[in-house]
Every structure is written in C-alpha cells, then in structure tokens.
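Student: Right, I'll just put the structure down here and ask away after.
In our numbering, the protein residues as written are 4 to 275.
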C-alpha cells in the first residue's frame, strides 16, 4: 500500500481553470481549459509569463461554447504537446511548442478515427490526458459521458491497424464514479489521476467527490492500482517533480470550477 501526503506547494496568481501541467528545468508549464495561452512559471524568479496559442477575443475566460478546452500537456524532451478534449467540434486542436514557436494542428481526423474504430460516441469522447511513447500515443478518455467509458486509447500513427482500446475499471469515491483527468510517464510506469464528479456529461461540471492516484505499466499489461488522494480536490493535471529510491514527488493542479485566478499547485509525496 502506497502512502500519500498532500501539501500546498505554491500559489500562482493569474491562472483560472488549470487543466494540465509539466515540470521541466525549474519551470512549470500550465494549460487552462478556458484560455488561449500556455502559462510558464519560473520557480526561482517567481515570475509568470504566457505565450499565445492563437488570437481571439477574449484570450482568457473564454465562454464554454467557444473555448479550445485544452485538457492535456505532455513533454517529449524537445517539444510540448497540448491537446483539446475533442468533446465538441471546436475542441479538436493540437498545439506543438518548442519554447519559441507555436504550431497548430487540426486533430479532428485522428479523433474521428479513434471514435469510429472503438465505437465511442461523440457524447462519450473526452480526452483528458495524453502520454507520448516511442511509437505510439496513449489517450486517456474520461468516462463522464452517458456510457462511462474510462479507457486508454493506444494510437499508433505509423501502424494505425495496431491501435487498440483498453477499458480501465476505476473505483467510486463517496459514491461518485471517477474518471481520468491526466497522466504522466515515470520510467516504465504511468501514473494517472482521476476525479469524482457527479455529472454524466463531457460538457457540464458537477459536484466534486475527490480524486485518486493510479498506476499502470506503460504496456498496459496489468490492471490499474488506485489510491485515494487526501482531501476533496478536482485535480486536473499531474507532473513528476522528483524521484528518489524512497519516494516520488508529483505536482498537481486543480480546476475549482470558479473564476478565482489564484491557482494553488499541490505536491503529492508517494512512498511505500
């Protein structure tokens, strides 16, 4: 049984609805599901900067019907990849950022391929976490649609016929079903978070029942181990900060479903 210790790590003013986070080179890179920016926060200098992904009015606190709904950010060592959830037609974008240049891609064909191949309706399709491996991309579909499909969609760009869907059974928290909210790679394992939110919709928010931490092998060969995270938070992003022989330290960001622009980043210490 793993031991989990949750603590507030840092507060950042100027970000609402945080939905994904990457820690690299003493910086936090954060996406928000209602913003057209990628936010970068330098921990030493305690300075927040932001890079525009695309121009619109407004750039932040974008209305639900119009927002990009960026729910995931992942880093492959050279580039940051930001993914829309795919839950509506205007949420099908992928952005690639190397720290200087932004590239925008229409990802609707790939999302359509995944939905059609694995018989997932538009109402049940909601990508909340993405992990890049050598020859494949793992998409974590959140089961907050009518059919409750929590699944890892393993997409092989150069061998699409090898793509597969692996349903993942997740527990309930306080009587509320949990659904994927992000994932990150640590060695040969994937650590993910899932939140309990009482809303059978990929579009609407609901009552928050808490979050869990889970662990899967990157080849998806065994069942998920899951552990309840202390307190009731709607955690939407996870990234590894430190790894030792004794413990892992993750940083988590949450979406409080409010207009408060003071974002608290939490540390989650995980040990045996």
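Where a beta carbon is used, it is the ideal one built from N, C-alpha and C, also for glycine.
Given the structure is predicted, the values throughout are model-derived calculations rather than measurements.
1. Kindly indicate which three-state DSSP category residue 128 falls into: helix, strand or coil?
2. What is the DSSP secondary structure of residue 211, reduced to helix, strand or coil?
3. What's the C-alpha gap between residue 109 and residue 249?
4. How about residue 214 and residue 186: are their beta carbons less than 9 Å apart?
5. Would you mind stating whether residue 199 and residue 181 have Cβ atoms separated by less than 9 Å?
6. Compare the C-alpha of residue 255 against each of 81, 240, 264, 246 and name the closest.
7. Work out the CA separation of residue 228 and residue 222 for me, nearest whole Å.
8. Go ahead and pull the three-state DSSP assignment for residue 121.
9. Give the straight-line distance between the Cα atoms of residue 95 and residue 88, rounded to the nearest whole angstrom.
10. Give the DSSP-derived three-state secondary structure of residue 94 in the structure shown.
11. Select from 38, 48, 107, 72 the residue whose C-alpha is nearest the C-alpha of residue 28.
12. Output yes or no for whether 9 Å exceeds the beta carbon distance between residue 75 and residue 143.
13. Taking buried to mean at least 16 other C-beta atoms within 10 Å of its own C-beta, is residue 225 buried or exposed?
14. For residue 115, does the three-state DSSP call read helix, strand or coil?
15. Should residue 192 and residue 149 be called a contact, given that it needs their Cβ atoms to be closer than 9 Å?
16. Do you know how far the Cα of residue 268 is from the Cα of residue 212?
17. Considering only residues of the same chain and omitting the five flanking positions on each side of residue 236, which have a CB-CB separation below 6 Å?
18. Is the beta carbon of residue 69 less than 9 Å from the beta carbon of residue 92?
19. DSSP on residue 79, reduced to helix/strand/coil?
20. In this structure, does DSSP put residue 192 in helix, strand or coil?
21. Of the residues 84, 138, 90, which one's Cα is nearest the Cα of residue 98?
22. Curious, which full-length alpha helix (DSSP H) runs of at least 4 residues does the segment 19-56 contain?
23. If you follow the beta strand (DSSP E) that residue 240 is in, where does it begin and where does it stop?
Tutor: Judging by the given coordinates:
1. If you number the chain shown from 1, residue 128 lands on position 125. Three-state result, residue 128: coil.
2. The residue labelled residue 211 in the question sits at position 208 within the chain shown. Correct three-state label for residue 211: strand.
3. Taking the chain shown and counting its residues from 1, one reaches residue 109 at position 106. Taking the chain shown and counting its residues from 1, one reaches residue 249 at position 246. Each residue's alpha carbon lies about 42 Å from the other.
4. Numbered from its first residue, the chain shown carries residue 214 at position 211. Numbered from its first residue, the chain shown carries residue 186 at position 183. Not in contact: residue 214 and residue 186 (Cβ atoms no closer than 9 Å).
5. As a working note, residue 199 is residue 196 in the chain shown. As a working note, residue 181 is residue 178 in the chain shown. Closer than 9 Å, so yes.
6. Within the chain shown, numbered from 1, the residue matching residue 255 stands at position 252. When only C-alpha atoms are compared, the closest one is 240.
7. The residue given as residue 222 occupies position 219 in the chain shown. The residue given as residue 228 occupies position 225 in the chain shown. Between residue 222 and residue 228, the C-alpha separation is close to 14 Å.
8. Mapped onto the chain shown, residue 121 falls at position 118. Correct three-state label for residue 121: coil.
9. Along the chain shown, one-based indexing puts residue 95 at 92. Along the chain shown, one-based indexing puts residue 88 at 85. Going from the Cα of residue 95 to the Cα of residue 88 covers about 7 Å.
10. On the chain shown, residue 94 is found 91 positions in, with the first residue counted as 1. Correct three-state label for residue 94: helix.
11. As a position in the chain shown, residue 28 is number 25, starting the count at 1. It is 48.
12. If you number the chain shown from 1, residue 75 lands on position 72. If you number the chain shown from 1, residue 143 lands on position 140. Cβ distance < 9 Å, so residue 75 and residue 143 count as in contact.
13. By one-based count along the chain shown, residue 225 stands at place 222. Under this definition residue 225 is an exposed residue.
14. For the purposes of this step, residue 115 is taken as the residue at position 112 of the chain shown. Three-state result, residue 115: helix.
15. Sequence index remark: in the chain shown, residue 192 carries index 189 (1-based). Sequence index remark: in the chain shown, residue 149 carries index 146 (1-based). No, they are not a contact pair.
16. Indexing the chain shown from 1 puts residue 212 at position 209. Indexing the chain shown from 1 puts residue 268 at position 265. Between residue 212 and residue 268, the C-alpha separation is close to 19 Å.
17. Against the chain shown, residue 236 aligns to sequence position 233. Cβ neighbours of residue 236 beyond the five flanking positions: 214, 257.
18. The residue labelled residue 69 in the question sits at position 66 within the chain shown. The residue labelled residue 92 in the question sits at position 89 within the chain shown. No.
19. The residue you call residue 79 lines up with position 76 of the chain shown. Here residue 79 sits in coil by DSSP.
20. By 1-based counting over the chain shown, the position of residue 192 is 189. Of the three classes helix, strand and coil, the one that applies to residue 192 here is strand, per DSSP.
21. Residue numbering aside, residue 98 sits at position 95 when the chain shown is read from its first letter. The shortest Cα separation from residue 98 among 84, 138, 90 belongs to 84.
22. none
23. For the purposes of this step, residue 240 is taken as residue 237 along the chain shown, with counting starting at 1. Its beta strand (DSSP E) spans residues 238-246.
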